[in-house]
Amino acid sequence: MQKEQQLRVWIQKQKRLISEAAEQKDRDYIAMMWQGFLNGLCLTNAITWQEYQELSREIVEFAEGFEAA
12 MQKEQQLRVW IQKQKRLISE AAEQKDRDYI AMMWQGFLNG LCLTNAITWQ EYQELSREIV
72 EFAEGFEAA
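So, in structure tokens, the structure goes:
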């Protein structure tokens, strides 16, 4: 439960950063960093493959809304 809550807080922060970024390149960079962080969590088994896929999809869908993906 605590892990999920920490991830949700982090995700909301990243979404806010993407939405507040003034330039497309900044939004792209934040989205790439977000994906890299998730890759690290998955590789260290901090999150499951299913969680990784769900969070990655959330990144893509949110970023596409800002044309960052």
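One rule links them: number in this note's numbering = place in the sequence shown (from 1) + 11.
Virtual Cβ for every residue (Gly too), placed ideally from N, Cα, C.
Just so you know, these numbers come straight off a predicted model, no measurement behind them.
How big is the Cα-Cα spacing for Phe77 and Met12?
30 angstroms
Does the Cβ-Cβ distance between Cys53 and Tyr40 come in under 7 angstroms?
no
Within its chain, find whatever has a CB closer than 8 angstroms to the CB of Ser67; leave out the 5 residues flanking it on each side and keep chain order.
Gln46 and Leu49
Would you mind sorting Arg38 into buried or exposed? The rule is 16 or more other CB atoms within 10 Å of its CB.
buried
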